[in-house]
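From first to last, the protein sequence lines stand for chains A and B. Heads up, the first sequence is in our numbering, so the first residue is 2 and it goes up one at a time. Heads up, the second sequence is in our numbering, so the first residue is 18 and it goes up one at a time. Backbone N, C-alpha and C fix where the C-beta goes; we use that ideal spot for every residue, glycine too.
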Amino acid sequence: MDAIRTEDLTKHYRVGFWRPRPYIALDRLSLTVRTGEVFGFLGPNGAGKTTTLKLLMQLMYPSSGRAEILGRPVGDVEVRRRIGYLPENPYFYDYLTAEELLEYFAGLFGYPAAERRRRAASLLDTVGIGAERRLQLRKFSKGMIQRVGIAQALINDPDVVFFDEPMSGLDPLGRREIRQLILQLRDRGCTVFFSSHVLADAEALCSRVAIVAAGRLVASGQLSELLAFQVRGWELVMSGVTPDALSQARADREIVNAVPIDGQRFAMELPASAAPERVLATLTASGAQLVSLTPIRETLEDFFMRQVTGAQRSSNG
Amino acid sequence: MADMRIIAHVAINVFKESVRDKVLYNLVAFAVILMGAAYLIGQLTAGQDVKIIKDLGLAAIGTFGLLIAVFIGIGLVWKEVERRSIYSLLSKPLGRREFILGKYAGLALTLLVNVVVMTAALYLVLGYMDAQFTEEQKSVWAAPALDAGMLRAVALIVVELLLVTAIALFFSTFSSPFLSAALTFGLWVIGHFNADLRNFENIVESPVAAGLARALYYLLPNFAAFDIKSQVVYALPIAPGYLAVTVAYGLAYIALLLTGSVLVFTRRDFK
Ligand SMILES: Nc1ncnc2c1ncn2[C@@H]1O[C@H](COP(=O)(O)OP(=O)(O)O)[C@@H](O)[C@H]1O
Ligand SMILES: [Mg+2]
């Protein structure tokens with residue numbers, strides 16, 4: 002059984018007060034997410050990711066098309082027992098503490114009081130909320146709210162979780178913790194469906210991705226198979242690079258460009274044809290030290306720009 | 018079938034939250050101050066009667082209850098939608114119907130506790146008055162100070178407040194708090210002059226206007242029916258069965274409004 006299936010899922014918003022006309026936020030989205038996978042739902046802002054997640058949570062009803070979670074129609078109460086959802090930029094109650102919020106949500110699953118307390122405490126530990134858990138949520142920063150949001154999504158040990166932009170509002174350390182958390186969930190057999198507008202989030206996590214732009218699915222599959230994201234070259238920064246080694250590498254066409262940063266530190270560009278390992282080995286042998294090595298590829302934004310200029314959002318207006 | 022346990026769980030949370038909202042304390046405190054004022058007035062009139070205290074006290078219970086019902090009622094659902102806390106909540110195994118009924122029950126509980134506190138305060142003041150005067154002085158009073166019959170008026174006030182809450186909740190499932198408050202207060206005022214609509218029917222010539230007045234009379238909640246303060250204060254007779262019929266009327270109206278709220282709310286898109 003698939004974890005998530007959508008079939009021609011479509012959502013129109015009515016826009017304009019005097020002469021309402023439909024605006025297609027999501028256009029016949031069909032996707033399948035298998036159980037146990039970490040699935041990245043990628044797209045630039047306004048692509049229709051949040052709309053899709055709200056349709057899956059039945060916070061909105063589709064204009065047409067269908068969606069299923071764990072083989073049942075979305076909105077089925079039995080389905081809700083087995084899923085978790087982190088909304089985009091979540092917000093909870095000002096006057097509840099983090100602890101009380103989680104216990105309240107746990108109660109909706111019918112857990113007895115002791116079990117509610119246990120789950121709340123252990124999840125707050127997991128997401129790194131310490132003594133602040135006794136503070137009212139209005140005193141929480143955006144990043145802390147995001148962590149509470151993730152904790153509440155996991156209160157019922159869900160089989161499928163839906164995270165809408167889980168990394169937003171977090172610092173780099175926080176992002177790394179969330180990545181680790183998602184991998185732990187996967188290891189427990191939980192299916193993770195998350196949206197993001199940042200390609201790097203997906204690279205570090207996903208088995209498969211779907212890419213949406215302007216309400217349409219534009220690509221799906223394994224990231225490494227998506228041609229657009231294949232590496233186009235590398236940026237190599239090394240220090241202690243001797244002029245000899247540099248001209249040798251140039252002569253071998255292993256670097257196409259070298260910009261001095263300071264002293265013997267250089268930023269070098271390697272073509273996709275070059276094996277970065279070999280260049281690195283040669284230069285290291287000549288006494289240089291590695292500073293950084295970064296793949297150069299089309300960014301998600303560049304990719305979207307191309308897609309979007311190709312296919313403008315259609316409208317019935 | 019609605020899940021009662023879930024409804025109770027939501028209701029208790031509403032109660033906790035409103036208890037933490039300082040507005041509530043202010044209202045209760047204000048009511049208590051008003052009871053004090055009633056007591057002073059009683060002193061000035063040299064214990065001629067406790068009527069004035071009962072009158073003022075019951076009016077205060079009704080008014081402060083009304084303020085709580087409207088001002089919390091209009092925000093109950095709207096705030097969750099506006100602040101998007103509803104997104105995570107509705108992804109839990111909680112139907113939209115349970116959500117609405119839970120919210121309503123929570124505010125009903127809040128109101129009930131408030132009315133109980135205010136009524137207890139009123140009886141306290143009356144008990145003090147009772148101890149102040151001699152039997153002879155008290156013999157001219159229309160009803161004893163600690164008249165349990167007063168509780169009948171309190172009971173109808175409670176039902177009235179529950180009805181006001183249902184109206185506020187209904188409006189708040191689709192409109193802004195400002196509009197909901199205006200509509201709820203509007204209905205409350207009209208509902209108190211409902212009987213006049215009946216008379217209007219007899220005065221006007223036009224059958225259309227008369228028909229309209231008649232339709233409105235049956236459609237709009239008849240709030241005047243819940244006001245038996247003067248009967249209780251002056252110890253006037255109340256028709257047997259009046260209480261039961263009025264309570265039943267209120268409950269039926271509430272059931273209708275809650276059904277409407279659930280219908281509107283389950284169809285909504287949270288954009
Ligand atoms: N309530 C709404 N009314 C009208 N248009 C909306 C509404 N919400 C979102 N949209 C539009 O629908 C499109 C998809 O939005 P959304 O799903 O939020 O995108 P994403 O989450 O990928 O950033 C956007 O163009 C957005 O402007
Ligand atoms: Mg979004």
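For this session: Please name the residue in B:Asn211, B:Thr190, B:Gln60 and B:Leu51 whose C-alpha comes closest to that of Ile78 of chain B.
Result: The option with the nearest alpha carbon to Ile78 of chain B is B:Leu51.
Exercise. For the 8 Å Cβ check, are there 3 or more pairs between the region 191 to 204 of chain A and the region 117 to 124 of chain A?
Worked result: Short answer: they don't touch.
Exercise. List, in order along the chain, the chain B residues whose C-beta lies closer than 9 Å to that of Phe106 of chain A?
Worked result: Ser105, Leu106 and Lys109, listed in chain order.
For this session: Report yes or no: do the region 123 to 135 of chain B and the region 28 to 36 of chain B share at least 3 C-beta pairs separated by less than 8 Å?
Result: Touching, yes.
For this session: Examine ligand 1 and report whether any of its heavy atoms sits within less than 7 Å of the Cβ of Ala203 of chain A.
Result: Taking 7 Å as the cut-off, one finds no heavy atom of ligand 1 near enough to the beta carbon of Ala203 of chain A.
For this session: Could you check how far apart the C-beta atoms of Asp160 of chain A and Leu54 of chain A are, in whole angstroms? I think they sit under 8 Å.
Result: That belief does not hold up - the Cβ atoms of Asp160 of chain A and Leu54 of chain A are roughly 17 Å apart, past 8 Å.
Problem set entry | Chain-ordered residues of the region 236 to 251 of chain B with a beta carbon less than 7 Å from chain A | Those would be none; no residue qualifies.
Exercise. Less than 7 Å between the CB of Lys288 of chain B and some heavy atom of ligand 1, yes or no?
Worked result: Correct: Lys288 of chain B has its Cβ closer than 7 Å to ligand 1.
For this session: Give the residues of chain B in contact with Gly111 of chain A, contact being defined as C-beta atoms less than 9 Å apart.
Result: Chain B residues near Gly111 of chain A: Asp20, Arg22, Ile23, His26 and Pro110.
Exercise. Could you check where the beta strand (DSSP E) with Thr295 of chain A kicks off and where it finishes?
Worked result: DSSP places Thr295 of chain A in the uninterrupted beta strand (DSSP E) bounded by Gln290 to Ile297.
Problem set entry | Cβ shell of Ser189 of chain B (< 8 Å), same chain only, five flanking positions each side left out | Excluding sequence positions up to five before and after Ser189 of chain B, its CB lies within less than 8 Å of the CB of Gly90, Ile91, Gly92, Leu93, Val94, Trp95 and Ser197, all in the same chain and listed in chain order.
Problem set entry | Touching by the beta-carbon criterion (3+ pairs, under 8 Å), the region 229 to 244 of chain B and the region 157 to 166 of chain B | At 8 Å Cβ cutoff, the stretches do not touch.
For this session: Going by CA-CA distance only, name the one from A:Gly216, A:Arg279 and A:Val232 that's closest to Gly44 of chain A.
Result: Of A:Gly216, A:Arg279 and A:Val232, the residue nearest in Cα terms is A:Gly216.
Exercise. In whole angstroms, what is the alpha-carbon distance linking Met146 of chain B and Ala48 of chain B?
Worked result: Their backbone Cα atoms lie some 18 Å apart in a straight line.
Problem set entry | Beta-carbon gap between Gln137 of chain A and Leu97 of chain A smaller than 8 Å | A Cβ-Cβ contact shorter than 8 Å links Gln137 of chain A with Leu97 of chain A.
Exercise. When the Cα atoms are used, what is the spatial distance from Arg118 of chain A to Asn211 of chain B?
Worked result: The alpha-carbon atoms of Arg118 of chain A and Asn211 of chain B are separated by roughly 51 Å.
For this session: Say whether chain A places a C-beta atom closer than 8 Å to the C-beta of Arg114 of chain B.
Result: Chain A, which has no Cβ nearer than 8 Å to the Cβ of Arg114 of chain B, makes this no.
For this session: Compute every distance between the C-beta of Tyr24 of chain A and the non-hydrogen atoms of ligand 1, then say whether any falls below 7 Å.
Result: Yes; taking the cut-off as 7 Å, the Cβ of Tyr24 of chain A has a heavy atom of ligand 1 nearer than that.
Exercise. Taking 7 Å as the line, does the beta carbon of Lys140 of chain A fall inside it for any heavy atom of ligand 2?
Worked result: Lys140 of chain A has its CB no nearer than 7 Å to any heavy atom of ligand 2.
Exercise. Since Lys143 of chain A is in the alpha helix (DSSP H), which residue starts that stretch and which ends it?
Worked result: Residues Lys143 to Ala154.
Exercise. Between which two residues does the alpha helix (DSSP H) harbouring Asp126 of chain A extend?
Worked result: Asp126 of chain A -> alpha helix (DSSP H) spans Ala114 to Thr127.
Exercise. Are any of the Cβ atoms in chain A nearer than 8 Å to that of Ser102 of chain B?
Worked result: Answer yes: the Cβ-Cβ gap between Ser102 of chain B and chain A drops below 8 Å somewhere.
Problem set entry | Coil, strand or helix - Met168 of chain A by DSSP | Look at Met168 of chain A here: in three-state DSSP terms it is coil, with no helix or strand label.
For this session: Any chance you could list the residues with Cβ under 7 Å from a heavy atom of ligand 2, keeping chain order?
Result: Near ligand 2, residues with a Cβ at less than 7 Å from any of the ligand's heavy atoms are A:Asn46, A:Lys50, A:Thr51, A:Glu89, A:Asp165, A:Glu166 and A:Ser196; the list follows chain order.
Exercise. Any heavy atom of ligand 1 closer than 7 Å to the CB of Gly170 of chain A?
Worked result: Outside the cutoff, so no.
For this session: Figure out for me which residue from A:Arg180, A:Gln265, A:Ile297 and A:Met58 has the closest Cα to the Cα of Leu284 of chain A.
Result: Ranking A:Arg180, A:Gln265, A:Ile297 and A:Met58 by Cα distance to Leu284 of chain A puts A:Gln265 first.
Problem set entry | Straight-line gap, Glu97 of chain B to Phe141 of chain A (C-alpha atoms, nearest Å) | If you draw a straight line from the Cα of Glu97 of chain B to the Cα of Phe141 of chain A, it comes to about 18 Å.
Problem set entry | For Phe251 of chain B, the three-state DSSP class (helix, strand or coil) | It is Tyr, not Phe, that sits at residue 251 of chain B in the sequence shown. For Tyr251 of chain B, the three-state secondary structure derived from DSSP is coil.
Problem set entry | Beta-carbon gap between Lys12 of chain A and Pro63 of chain A smaller than 8 Å | Contact check for Lys12 of chain A against Pro63 of chain A passes: the beta carbons are separated by less than 8 Å.
For this session: Round the Cβ separation of Glu115 of chain B and Ile24 of chain B to the nearest angstrom and send it over; I've been treating them as touching at under 8 Å.
Result: The beta carbons of Glu115 of chain B and Ile24 of chain B sit about 5 Å from each other, so the pair counts as a contact at 8 Å.
For this session: Could you tell me whether the region 281 to 296 of chain A touches the region 231 to 249 of chain A, using the rule of 3 or more Cβ pairs below 8 Å?
Result: Contact holds: three or more Cβ-Cβ distances are below 8 Å.
For this session: Would you mind giving the Cβ-Cβ distance between Thr40 of chain A and Val210 of chain A, rounded to the nearest angstrom? I have them listed as a contact below 8 Å.
Result: The question names Thr, yet the displayed sequence has Phe at residue 40 of chain A. Right, their Cβ atoms sit about 7 Å apart.
Exercise. Within this structure, are the beta carbons of Met61 of chain A and Lys288 of chain B separated by less than 8 Å?
Worked result: Closer than 8 Å, so yes.
Exercise. Comparing the C-beta of Glu34 of chain B with each C-beta of chain A, is any distance below 8 Å?
Worked result: By the rule that beta-carbons nearer than 8 Å mark a contact, Glu34 of chain B touches chain A.
Exercise. Per the contact definition of three or more C-beta pairs closer than 8 Å, is the region 275 to 282 of chain B in contact with the region 246 to 256 of chain B?
Worked result: Below 8 Å, too few C-beta pairs join the region 246 to 256 of chain B and the region 275 to 282 of chain B to call them touching: fewer than three.
For this session: Compare the C-alpha of Leu10 of chain A against each of A:Gly49, A:Asp3 and A:Pro23 and name the closest.
Result: The candidate whose alpha carbon is nearest that of Leu10 of chain A is A:Gly49.
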